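Right, one structure below, let's go through it.
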Amino acid sequence: MADNSKIQEYEVSLLETHELSTGPLSILMTATRTHTQVLISVRNNHKLLARVKAFDRHCNMVLENVKEMWTEQQGRGQNKKSVNRDRFISKMFLRGDSVILVLLS
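This is the structure we're talking about:
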């Protein structure tokens, strides 16, 4: 029985390796290996420009050198105008359920 479970573990390992090299998560794998920046769109209409240090199958990510960008509305009535804002975060854990889109830049 032990031999059978080792074969199954090996098959699962091969499948995971194949998925990481060809599936949707291959973008994150490429970004992690090449230290390339990615642009991530998240739920609250914020954008993150960052380098991916690590990730998992749920798209949870550890990000470094993050520039968070968003737009705020200021003023009232007809005097309302949009103001672009941003901030720098050196390290961030991003929970995968807030990720909408990942672009390799």
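Start counting the sequence shown at 1; every next residue gets the next number (full-length UniProt numbering). Glycine included, C-beta positions come from ideal geometry on N, C-alpha and C. These numbers were taken from a predicted model, which means no experiment stands behind them.
#1: From the DSSP output, in three-state form, read off SER5 for me.
#2: Between which two residues does the alpha helix (DSSP H) carrying LEU28 extend?
#3: Count the other CB atoms, across all protein chains shown, that sit within 10 Å of the CB of PHE55; report buried if there are 16 or more and exposed otherwise.
#4: Enumerate in chain order the residues of its own chain whose CB-to-CB distance from ARG51 is below 8 Å, with the five nearest sequence positions on each side excluded.
#5: Less than 8 Å between the CB atoms is what I'm expecting for VAL42 and SER98, so what's the real figure, rounded?
#6: Does VAL102 pass the burial test, meaning 16 or more other C-beta atoms within 10 Å, or should it be called exposed?
#7: Cα-Cα, which of LEU104, HIS58, SER105 and THR17 is closest to LEU94?
Taking the coordinates as given:
#1: Here residue 5 refers to the residue found at position 5 of the sequence shown. Three-state result, SER5: helix.
#2: Within the sequence shown, numbered from 1, the residue matching residue 28 stands at position 28. First-last of the alpha helix (DSSP H) with LEU28: 26 to 34.
#3: Counted from its first residue, the sequence shown places residue 55 at position 55. With 16 or more Cβ atoms within 10 Å of its Cβ, PHE55 is classed as buried.
#4: As a working mapping, residue 51 is identified with position 51 in the sequence shown. Excluding sequence neighbours, ARG51 sits near ALA31, HIS35, THR36, GLN37, VAL38, LEU63, GLU64 and ASN65.
#5: Locating residue 42 in the sequence shown gives position 42, counting from the first residue. Locating residue 98 in the sequence shown gives position 98, counting from the first residue. Sure, about 5 Å apart at Cβ, within 8 Å.
#6: Here residue 102 refers to the residue found at position 102 of the sequence shown. The residue in question, VAL102, is buried, as its Cβ has 16 or more Cβ neighbours within 10 Å.
#7: The count along the sequence shown starts at 1 and reaches residue 94 at position 94. Looking at the Cα atoms, HIS58 is the closest of the given residues.
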